[in-house]
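Those letters in the sequence shown? Residues -19 to -1, 1 to 268, by mature numbering (1 follows the signal peptide of the UniProt record, and there is no 0).
For each residue, glycine too, the CB sits at the ideal point set by N, CA and C.
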Amino acid sequence: MKKLLSISITMLTSLVITACGSGSSSSSSKPESVNNSTPPELTPPVAENNAKPSEVTPPVVNDSQPKYGSIDKKIGNIYEKNYPMSSSEFHSKDEHIKIIDAWNDKSEATFNFVRLESGEFIPVLPEGMGSSIEIKSSNMTRLAQKYLYTVSGYVNEKSPEVFVVAQGRSPTKDMPVSGIINYHGVAFHGTSVPNGINFERGDISLVANFDDKSITGKISSPQKGFAEVEIGANIKGNYFEGKHSNGINLTGGFFGPNAAEVTGRYLTDPNSHSEKAVIGVFNAKKK
């Protein structure tokens, strides 16, 4: 019994010593390294803005503003190659009137001139007369308006040769492809009278609509008894041609950069047999 007790005490003593030794070993180990890095900053949450954003009014697009592009060269060549669009005559009892339509790109030499049957050239608007002229006398009549790229007029200086003229230089190559352009200018308007044809100066306003490729216009005059004339045609590249419902044919062209000016002539269709036949030429520029 004493022997058993002695063994138990011995074992207990060993366990105590072992436990103390383990604690001493643990206390002598190096401490773990401390992480001194700065903790990341926290971004505070953004308060939710429940206010409705202000409405933005879209800009108003003006579809009437013309946009420009190159013309179809097949159409453009009708002017670029100095090709006369038309040459026609208007007969009356006492006069043989020649309509001169000169749409070309190389017309500096002949621009503002007409050629008599004798071969002589005479100016539509004589040099030094400014941009317009209006002379009516017993032996001559000269009506003309000249802008930078176009000239139109009525010349009756050496009877019986009488000319109504519509000429243009520098045909437009950068034609509008959309939008609307308004023109205002001068028309030299002739109407049938018992003794022939009476010509007078009038006003012309034109609207070129490049969206539907049409051009329409009105010729008016403050003179008493003048009957307003409506004209219209289809735009084809840098020229226009067509007939209004009233039977008046219209031909003309655009000249200068961005279709700056127009010129042309109008004439009652000879097949219409109208008792009030009209003939006229005009030129106009952008408003």
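Do you know whose CA, among the options, lies nearest residue i's CA?
i, options, result
"G218", "Y128, F235, V95, A208", "F235"
"S119", "H170, N137, E142, P47", "N137"
"I185", "K224, G213, K48, Q148", "G213"
"T232", "E242, S226, N215", "N215"
"I114", "K257, V167, S202, T244", "V167"
"H165", "K79, M121, S201", "S201"
"F207", "D82, K257, I80", "K257"
"P152", "F221, R96, I81", "F221"
"R96", "S112, G109, K79", "K79"
"D250", "E209, G223, I178, G100", "G223"
"T122", "I178, G245, N227, D155", "I178"
"K117", "E108, F102, Y135, G100", "Y135"
"N264", "G111, V146, G100", "V146"
Which residues in the same chain have their Cβ closer than 6 Å to the Cβ of residue i, if we skip the five residues on either side of it in sequence?
i, result
"N43", "Confidence is the limiting factor: at N43 the pLDDT is only 45, short of 50, which leaves the residue's position unreliable, though a coordinate-based value still follows. No residues qualify anywhere along the chain."
"L248", "N230, I260"
"I59", "Low confidence applies to I59: its pLDDT is 44, below 50, so where it sits in the model is not reliable, and the reading given next is rough at best. If we look at I59 and ignore the five residues flanking it on each side, it has no Cβ neighbours."
"T(-2)", "Unreliable positioning characterises T(-2) in this predicted model, as indicated by a pLDDT of 47, which lies under 50. The coordinate reading is nonetheless provided below. Once the five neighbours on either side are set aside, T(-2) has no close Cβ partner at all."
"S173", "A258"
"F102", "F94, R96"
"T197", "V188, G213"
If we count the other Cβ atoms within 10 Å of its Cβ and call it buried at 16 or more, is residue i buried or exposed?
i, result
"P157", "buried"
"H170", "buried"
"N176", "exposed"
"P238", "exposed"
"F144", "buried"
"G109", "exposed"
"K268", "exposed"
"K205", "exposed"
"G245", "buried"
"V262", "buried"
"F180", "buried"
"V37", "In this prediction, V37 has a pLDDT of 45, which is less than 50 and means its spatial position is unreliable; what the coordinates show is noted afterwards. The residue is exposed, with fewer than 16 neighbouring Cβ atoms inside 10 Å."
Give me the DSSP bridge partner(s) of residue i.
i, result
"T249", "I229"
"A241", "Beta-bridge pairing links A241 to no other residue."
"E115", "L124"
"V132", "K127, Q148"
"V262", "F169, R246"
"S159", "K48"
"F102", "R96"
"K267", "Y164"
Suppose the cutoff is 8 Å on Cβ atoms and the five residues either side in sequence are ignored; what does the same chain contact list for residue i look like?
i, result
"N93", "P104, V105, L106, K127, V132, Q148"
"S159", "D44, P47, K48, F191, D192"
"S112", "L106, Q126, K127, Y128"
Excluding the 5 residues preceding and the 5 following residue i in the sequence, name in chain order all residues of the same chain whose CB lies nearer than 7 Å to its CB.
i, result
"R182", "E115, L124, V167, F169"
"K266", "Y128, Y164, G166, A241, E242"
"E98", "E142"
"E211", "K199, H225, N227"
"K194", "N215, I216"
Beta strand (DSSP E) runs contained entirely in the segment 177 to 235, provided each spans 3 or more residues: 177 to 190, 195 to 201, 210 to 217, 220 to 224
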